[in-house]
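Residue numbers (the working numbering): -14 to 31. Reading through the structure tokens given below for one structure.
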């Protein structure tokens, strides 16, 4: 807990690869944004 996730490494890769190939990755893009937002705000779990 309190550790950064691997979202950039895993989902970020999918988003970047999709961009490079011209393939839309809307679900991955939203997931990436949501997890990064949660990371910035801190975990709501105690």
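Positions of the beta carbon are idealized from the N, C-alpha and C atoms, including for glycine. Computed from a predicted model, the values in this text were never measured in an experiment.
Handout entry: Meets three-Cβ-pair contact criterion under 8 Å: the stretch 19 to 26 and the stretch 0 to 8
Key = no
Exercise for the section: List the endpoints of the continuous alpha helix (DSSP H) containing residue 3. Expected result: As a working mapping, residue 3 is identified with position 18 in the chain shown. Residue 3: member of the alpha helix (DSSP H) spanning -8 to 6, first to last residue.
Practice task
Answer with buried or exposed for residue 0, where buried requires no fewer than 16 other C-beta atoms within 10 angstroms of its C-beta.
Solution key: Within the chain shown, residue 0 is the residue found at index 15, counting from 1. With 16 or more Cβ atoms within 10 Å of its Cβ, residue 0 is classed as buried.
Problem - Backbone CA spacing between residue 24 and residue -10 [nearest angstrom] - result: Position 39 of the chain shown, counted from the start, is the residue given in the question as residue 24. Position 5 of the chain shown, counted from the start, is the residue given in the question as residue -10. In a straight line, the C-alpha of residue 24 is about 8 Å away from that of residue -10.
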